[in-house]
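Notes follow the structure.
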Amino acid sequence: MTKKTFYNFTLFDGAGDQNTPDAWFTVDTDTGKITASGTGHPDTTDEQVDLHGQYVMPGFINVHTHITSNPDSFSGSFGASESESAVFGYENLQKLLKSGVTYIRQCGATYDVDIKLKRLQRDGRLPRTPHIMASGRAFSMTGGHGDGRNSAYLVDSPDEMRKGVRQAFKAGAECIKVMATGGVMTPNDFMEDPQLSVPEMHVAVEEAHHKRRIVAAHAEGNPGIQNALDAGVDSIEHGFYVNEAEAHQMIAQGTYLTPTLIAEWVIPEKGRGVLPDWEVKKAADAIDDTYHNLKRAFEIGVKFTCGTDAGTPFNGFDRTPDEFGLLTKVGMTPAQAYHCSSINSATLLGVADDYGTLEVGKHADFQVLRADPLADTAAVKQTDKGVYVGGIQQF
Numbered sequence: 001m002t003k004k005t006f007y008n009f010t011l012f013d014g015a016g017d018q019n020t021p022d023a024w025f026t027v028d029t030d031t032g033k034i035t036a037s038g039t040g041h042p043d044t045t046d047e048q049v050d051l052h053g054q055y056v057m058p059g060f061i062n063v064h065t066h067i068t069s070n071p072d073s074f075s076g077s078f079g080a081s082e083s084e085s086a087v088f089g090y091e092n093l094q095k096l097l098k099s100g101v102t103y104i105r106q107c108g109a110t111y112d113v114d115i116k117l118k119r120l121q122r123d124g125r126l127p128r129t130p131h132i133m134a135s136g137r138a139f140s141m142t143g144g145h146g147d148g149r150n151s152a153y154l155v156d157s158p159d160e161m162r163k164g165v166r167q168a169f170k171a172g173a174e175c176i177k178v179m180a181t182g183g184v185m186t187p188n189d190f191m192e193d194p195q196l197s198v199p200e201m202h203v204a205v206e207e208a209h210h211k212r213r214i215v216a217a218h219a220e221g222n223p224g225i226q227n228a229l230d231a232g233v234d235s236i237e238h239g240f241y242v243n244e245a246e247a248h249q250m251i252a253q254g255t256y257l258t259p260t261l262i263a264e265w266v267i268p269e270k271g272r273g274v275l276p277d278w279e280v281k282k283a284a285d286a287i288d289d290t291y292h293n294l295k296r297a298f299e300i301g302v303k304f305t306c307g308t309d310a311g312t313p314f315n316g317f318d319r320t321p322d323e324f325g326l327l328t329k330v331g332m333t334p335a336q337a338y339h340c341s342s343i344n345s346a347t348l349l350g351v352a353d354d355y356g357t358l359e360v361g362k363h364a365d366f367q368v369l370r371a372d373p374l375a376d377t378a379a380v381k382q383t384d385k386g387v388y389v390g391g392i393q394q395f
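Counting along the sequence shown from 1, when you hit position 68 you're at 68 in UniProt numbering, and nothing is skipped either side.
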């Protein structure tokens, strides 16, 4: 057993809402888990690492990424070959980790590339990458949002959905993504257009829950959000037009909301004159409504997770830190914004016993910052932060 003790830092453990000054913890670098913690100078003969009064917080969990997409191509990279997609995926995983993201859930990948990269990671052949929950291809109706070459299972009945989900799990998927509405990037539909039906999505939920897996629903407007909730999905992705009744239903069902604010905000901010006018207009028209609707949902008590939709236009794999400042605009404190990533995202993914917070018995996935993240979310935007996975420095 190899032990390493980190000391002389201020700790935000991701569970509470306050910092612990003059903290230390010990990591078993063979298992990657924290074995002991405390305050003051540790009395130990282990290897010791002095963090010189800096700030330590958990690595981010980003529950909505698209690692095979190119945010600079503006088309989602649907036309890329499988080899190109694999290279994009590996490069983008490293960018995520360098930004402080130590765990991701994929929400759609071309060619099931994320599943294949996860296999390589499991075999120790994918260095300096975050933990991956792979989804493979998403599920869309014919002509629906995400209907791109090699990017989706196209299903048009409950039976086709059942067979498709079973095929996805056979291929190695660890979660399922379904399209309940149209979206910003698709030219021929809108956020309020319902797409996959309640019976179709319910079958996906049934099959996934049989395997103790979760289902995420792309659902931006209504009636698609309501349809996804009635189907029993585990998380609503985007949820820009979530209403009060739906918020109460989410609480009753234990459904999480992943707002992906950066994905919507950045399109009108950066896309004018570059992206098609129809795409910019969709995002610009929705942003004020989004803040209003999400603020109400948060105040009612809906649990939010952290996801960025990384890979959409101008939404690079280094931008997860930007999401937290946007979450404060819906009424969260910095600590509450980080809880979306730490406690809530880990619980949604079913990995909270091992990941998400920096407590004894959990993985030592953390970032080291010069400034206090609880004072200002701008602190997590530090580009030369230290990033550790299992107590071993990656960047």
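Virtual Cβ for every residue (Gly too), placed ideally from N, Cα, C.
Note that the coordinates shown come from a computational prediction; the quantities given were computed from them, not determined experimentally.
{"Asked": "Under a three-way DSSP split, which group does G76 fall into?", "Found": "Note on G76: pLDDT 49, under 50, position unreliable in the model; the coordinate value appears next. Looking at G76 - three-state DSSP - the assignment turns out to be coil, as it is neither helix nor strand."}
{"Asked": "Give me the Cα-Cα distance between G76 and S69, rounded to the nearest whole angstrom.", "Found": "Its pLDDT being 49, under 50, G76 is placed unreliably in this model, and the coordinates cannot settle the point."}
{"Asked": "For I67, which of helix, strand or coil comes out of DSSP?", "Found": "coil"}
{"Asked": "Could you give the residue range of the alpha helix (DSSP H) that holds L348?", "Found": "S345 to L349"}
{"Asked": "Over what stretch of residues does the beta strand (DSSP E) that includes Y338 continue unbroken?", "Found": "Taken as a continuous stretch (DSSP letters only), Y338 belongs to no beta strand (DSSP E), being part of the alpha helix (DSSP H) at P334 to H339."}
{"Asked": "Rounding to the nearest angstrom, what Cα-Cα distance links P321 and G239 in this structure?", "Found": "20 Å"}
{"Asked": "Residues in its own chain within less than 7 Å of H363 by CB, not counting five upstream and five downstream?", "Found": "G32, K33, D354, Y355 and G390"}
{"Asked": "With I61 and S341 assumed to form a contact (beta carbons below 8 Å), what rounded beta-carbon distance in angstroms separates them?", "Found": "5 Å"}
{"Asked": "Taking L348 as the reference, give the member of Q121, I104 and V184 with the closest Cα.", "Found": "I104"}
{"Asked": "For the segment 99-118 against the segment 77-87, do three or more pairs of beta-carbon atoms, one drawn from each stretch, fall closer than 8 Å, so that the two count as touching?", "Found": "yes"}
{"Asked": "Hey, would you say A168 sits closer than 8 Å to G136, going by beta carbons?", "Found": "yes"}
{"Asked": "By the three-class DSSP mapping on this structure, what secondary structure does E174 have?", "Found": "coil"}
{"Asked": "For F6, list the residues DSSP reports as bridge partners.", "Found": "F25 and V49"}
{"Asked": "I'd like the list of long-range same chain contacts for T377, defined as Cβ closer than 7 Å, with 5 residues on each side in sequence excluded.", "Found": "F324, G325, T328, P334 and A337"}
{"Asked": "If you measure between the beta carbons of T308 and I262, is that distance less than 8 Å?", "Found": "yes"}
{"Asked": "Mind checking whether D365 and G59 have CB atoms under 8 Å apart?", "Found": "yes"}
{"Asked": "Between the C-alpha atoms of T157 and H52, what's the straight-line distance to the nearest angstrom?", "Found": "Here residue 157 turns out to be Ser, not Thr, going by the sequence shown. Answer to the nearest angstrom: the Cα atoms are 59 Å apart."}
{"Asked": "Could you give the distance in angstroms between the alpha-carbon of R166 and the alpha-carbon of V387?", "Found": "37 Å"}
{"Asked": "Where G221 and G301 are concerned, what is the direct C-alpha to C-alpha distance, given to the nearest angstrom?", "Found": "20 Å"}
{"Asked": "Bridge partners for I104 per DSSP, in chain order?", "Found": "N62 and I132"}
{"Asked": "Tell me which same chain residues have a C-beta within less than 6 Å of the C-beta of T305, skipping the five on either side of it?", "Found": "V63, Y256, T258, C340, N344, S345 and L348"}
{"Asked": "Let me confirm a value: K170 is counted as buried when at least 16 other C-beta atoms fall within 10 Å, else exposed. Which label applies?", "Found": "exposed"}
{"Asked": "Short of 7 Å in beta carbon distance, which residues of its chain neighbour N315, apart from the five on each side in sequence? Order them along the chain.", "Found": "P71, I262, A263, V266, T308 and D309"}
{"Asked": "With distance defined between alpha-carbon atoms, name the residue in K4, M141, M332 and G16 nearest to T44.", "Found": "K4"}
{"Asked": "Of the choices V360, Q367 and Q394, whose alpha-carbon is the least far from that of S37?", "Found": "V360"}
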